[in-house]
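The sequence shown maps to residues 1 to 322 in UniProt numbering.
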Amino acid sequence: MKLPFFRSPDGREGGTPADPTEAPRMGGQVLPGADAPLDRRDETVLPTEPAVSDAQGEVPPTVTAPAVPVGPTKIAARDISVFYGDKQALYDVSLDIPDKTVTSFIGPSGCGKSTFLRCMNRMNDTIQGARVTGQILMDGDDINARSVDPVLLRAQVGMVFQKPNPFPKTIYENVAYGPRIHGLTSSKSEMDGIVEVSLKRAGLWDEVADRLHSAGTGLSGGQQQRLVIARAIAVNPEVILMDEPCSALDPIATAKIEELIDELREQYCIVIVTHSMAQAARVSQRTAFFHLGRLVEHGDTEEIFTNPRERRTLDYITGRFG
Ligand SMILES: Nc1ncnc2c1ncn2[C@@H]1O[C@H](COP(=O)(O)OP(=O)(O)O)[C@@H](O)[C@H]1O
Ligand SMILES: [Mg+2]
């Protein structure tokens, strides 16, 4: 069952009324606690991107992401600009993001990757002083229309952050949370089924099947990140946004998440922000390069890494600036 996030045919406003007393109102979504400063956490809490990119050898990484036919456009961004107060962070970005494909956003720290990612599920709405202009169309519908309920939208467009953020609940409850608040199940056995399928799709089931009722926060970092992905999957999203999902993980956990991303690609539209060009080359079919708030160029990952049109892209992928 898909969550309808637009006005229902009988004209009622879609969605749930805002309840300021409830903490993370994001359904199966992957939101930090409401008290966490989600907007700046990747810059303030965790180390920022390396000063020099991982392609210091002046040779861009070889593209090994599976070459698969790119799906139809899932999200179309048109002339997106974002302001934080008086400061403009993004300038007139237009980009089509295909379905059943992994698209990566690369570019030096502060170039607007996270800002643009947050436009796609209206997470910038939650940042005080942030203002977005332009249009984001999902399957042709304007996600910023008044009739769209951002809570339901964020279930359809799930998000995974740099730092895994399971709820302080059991593994089972982390996954069941979204389906429960959205009323997706009518029985315990149905819920058990959703939890199992979601954990299987996230590649975590075998590791946690015998301890579903222990704390999600007791898992390793890589497992927590897969739990958070299972939580997003549990509400039947169409798009999964990932903001540097491996930056806090070791290489083995990173490899597992990358493998998972490739599997999920068959079913979802996936967008990943990464500061690792090697990662972009391993997982994504499409790459968009941002610099100073502008989308410099985008295209097939292979093209971007072997034959970029713009000098700035070449300089970045060959490690001349980071
Ligand atoms: N909540 C915020 N308030 C004010 N400025 C912000 C906020 N979030 C991001 N910025 C600024 O917007 C620009 C783009 O940031 P961001 O999207 O986080 O870049 P990236 O993800 O590429 O590192 C930066 O100059 C950053 O300092
Ligand atoms: Mg960022």
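The beta carbon of each residue, even a glycine, is placed where N, CA and C say it ideally should be.
What does the alpha-carbon distance come out to for the pair residue 321 and residue 139?
Indexing the sequence shown from 1 puts residue 321 at position 321. Indexing the sequence shown from 1 puts residue 139 at position 139. Cα to Cα, the separation comes out at about 36 Å.
Going by the beta-carbon positions, is the gap between residue 327 and residue 257 smaller than 8 Å?
A query on residue 327 cannot be resolved here, the shown segment of the chain reaching from 1 to 322 and no further.
Looking at C-alpha atoms only, which residue of 158, 120, 280 is the closest neighbour of residue 95?
Looking up residue 95 in the sequence shown gives position 95. Among 158, 120, 280, the Cα nearest to that of residue 95 is on 120.
Drop a sphere of 10 angstroms on the beta-carbon of residue 298, count the other beta-carbons inside from all chains shown, and report buried for 16 or more, exposed for fewer.
Counting from 1 along the sequence shown, the entry for residue 298 is found at position 298. When all chains shown are included, residue 298 counts as buried.
Nearest candidate by alpha-carbon position, reference residue 217, set 228, 281, 117
In the sequence shown, residue 217 corresponds to position 217, counting from 1. Of 228, 281, 117, the residue nearest in Cα terms is 228.
For residue 118, name the three-state secondary structure that DSSP assigns.
Position 118 of the sequence shown, counted from the first residue, corresponds to residue 118. If DSSP states are grouped into helix, strand and coil, residue 118 belongs with the helices.
Specify which residues have a beta carbon nearer than 5 Å to any heavy atom of ligand 1, listing them in chain order.
39, 84, 89, 109, 110, 111, 112, 113, 114, 115, 127
From residue 168 to residue 223, what distance separates their C-alpha atoms?
Position 168 of the sequence shown, counted from the start, is the residue given in the question as residue 168. Position 223 of the sequence shown, counted from the start, is the residue given in the question as residue 223. Between residue 168 and residue 223, the C-alpha separation is close to 15 Å.
Should residue 88 be listed as close to ligand 3, given that the test is whether its C-beta is under 7 Å from any heavy atom?
The ligand content of the structure shown is limited to ligand 1 and ligand 2, which means ligand 3 is not among them.
Candidates 70, 84, 175, of which the one nearest residue 110 by Cα
What you label residue 110 is simply residue 110 of the sequence shown in a count that begins at 1. When only C-alpha atoms are compared, the closest one is 84.
I'd like the span of the beta strand (DSSP E) that includes residue 324, first residue to last.
Beyond the ends of the chain as shown, which are 1 and 322, falls residue 324; an answer cannot be given.
Given a threshold of 16 other Cβ atoms within 10 Å of its Cβ, counted over all protein chains shown, does residue 166 qualify as buried or as exposed?
Start at 1 with the first residue of the sequence shown, and residue 166 comes out as number 166. Label assigned to residue 166: buried.
Residue range of the unbroken beta strand (DSSP E) whose run includes residue 286
Position 286 of the sequence shown holds residue 286. Segment 286-291, the beta strand (DSSP E) holding residue 286.
Ends of the beta strand (DSSP E) at residue 198?
Counting from one through the sequence shown, the residue named residue 198 turns up at place 198. Where residue 198 is concerned, there is no enclosing beta strand (DSSP E), although the alpha helix (DSSP H) it sits in stretches over 188-201.
Just to confirm before moving on: does the CB-CB distance between residue 136 and residue 124 stay below 8 Å?
Within the sequence shown, the letter at position 136 stands for residue 136. Within the sequence shown, the letter at position 124 stands for residue 124. No.
Would you mind working out which of 244, 212, 132 sits nearest residue 174, comparing C-alpha positions?
The residue given as residue 174 occupies position 174 in the sequence shown. Distance check between residue 174 and each of 244, 212, 132 places 212 closest, using alpha-carbon atoms only.
Just grab the DSSP bridge partners of residue 81 for me.
The residue you call residue 81 lines up with position 81 of the sequence shown. In the DSSP output, where bridge partners are listed per residue, residue 81 has 133.
Indicate whether the contact test is met: 3 or more Cβ pairs, each with one atom in the stretch 59-78 and one in the stretch 242-251, closer than 8 Å.
no
Note the first and the last residue of the continuous beta strand (DSSP E) segment covering residue 87.
Here residue 87 is taken as the residue at index 87 of the sequence shown, counted from 1. 87-98 is the span of the beta strand (DSSP E), which, as asked, contains residue 87.
Please report how far the alpha carbon of residue 80 lies from the alpha carbon of residue 59, in whole angstroms.
Counting from one through the sequence shown, the residue named residue 80 turns up at place 80. Counting from one through the sequence shown, the residue named residue 59 turns up at place 59. If you draw a straight line from the Cα of residue 80 to the Cα of residue 59, it is about 32 Å long.
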